[in-house]
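Structure first, commentary second.
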Amino acid sequence: MSDGRCVGEGILKVDNFINHQMDPQLMEAMAEELARRFAAERPTKILTVEASGIAPAIMVGCRMQLPVVFAKKNKPSTMEGMLTTKVFSFTKNRDYDICVSGDYLRAGERVLFIDDFLANGNAAMGVLELIHKAGAECVGMGFLIEKGFQTGGNILREQGLHVESLAIVESLSDGKIVLR
Ligand code: 5GP
């Protein structure tokens, strides 16, 4: 509430503790809580998307003692056996490709997706597609901040996915942050 800033249409800037400067103690506490909420799902791997998902994902991986894989936003020419899909970026207002090597996402894996924000769920849906292409299973999706006034939360929960968000923003109207 004190450090978040509203910018533009429905975008919350949290650059002084998550997205630019990072608060490791808070990140650790958030990871501990996500690990607690997903322990019963018995994930075997954490998956995120570069770049802003990496910090929370690696903290959760550390806590749960699991490997962490981040989907890349540009297909590296040196990678073979890539799984790829298109994602619409809410903050940049354009499509981009995300990809992950089939070496690090395999059939039978129980994948926990971790990201900083859930907005319309485009990143999450792209990741779900990668998980399904690999023949793996998504056992949960954990977010630091969900914007409850956007559609992603409902779309994912209606699919029966186990979704957890540590903070849910009810509205950002008139530059005022209201938490649910
Ligand atoms: P979605 O794919 O759910 O529409 O948007 C989620 C992605 O967009 C997140 O990975 C996050 O990086 C970015 N994003 C969406 N909304 C916000 C926001 O309000 N603030 C910040 N900092 N990032 C956001």
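Per our numbering, the sequence shown starts with residue 17, numbered consecutively.
Glycine residues also receive a C-beta, built at the ideal position from the N, C-alpha and C atoms.
Within the region 93-159, the runs of beta strand (DSSP E) that reach at least 3 residues and sit entirely inside it are, in chain order, 98-105, 110-117, 126-134. Every residue whose Cβ sits closer than 7 angstroms to any heavy atom of ligand 1 is listed here in chain order: G26, I27, L28, K29, V30, N35, V65, S68, G69, V103, S105, F106, T107, D131, D132, F133, L134, A135, N136, G137, N138, A139, A140, K163, Q166, G168. Nearest to A67 by alpha-carbon distance, out of S93, D131, E49, is D131.
Per DSSP, E66 lies in no beta strand (DSSP E) and is assigned neither H nor E.
When C-alpha distances from A47 are compared across N170, G97, R173, F159, the shortest belongs to F159. When the alpha-carbon of A135 is set against those of M95, E162, V116, V84, the nearest one is in E162. Looking at the DSSP output, V185 shares a beta bridge with K163, L195. Distance from the CA of K102 to the CA of A140, rounded to the nearest whole angstrom, comes to 11 angstroms. Following the DSSP letters along the chain, one finds R21 inside the beta strand (DSSP E) bounded by residues 21-23.
V23 counts as exposed, since fewer than 16 other beta carbons sit within 10 angstroms of its beta carbon.
Around the beta carbon of G124, a 10 Å sphere encloses fewer than 16 other beta carbons of the protein chains shown; the residue is thus reported as exposed. V194 is classed as exposed because its beta carbon has fewer than 16 other beta carbons within 10 Å across all chains shown.
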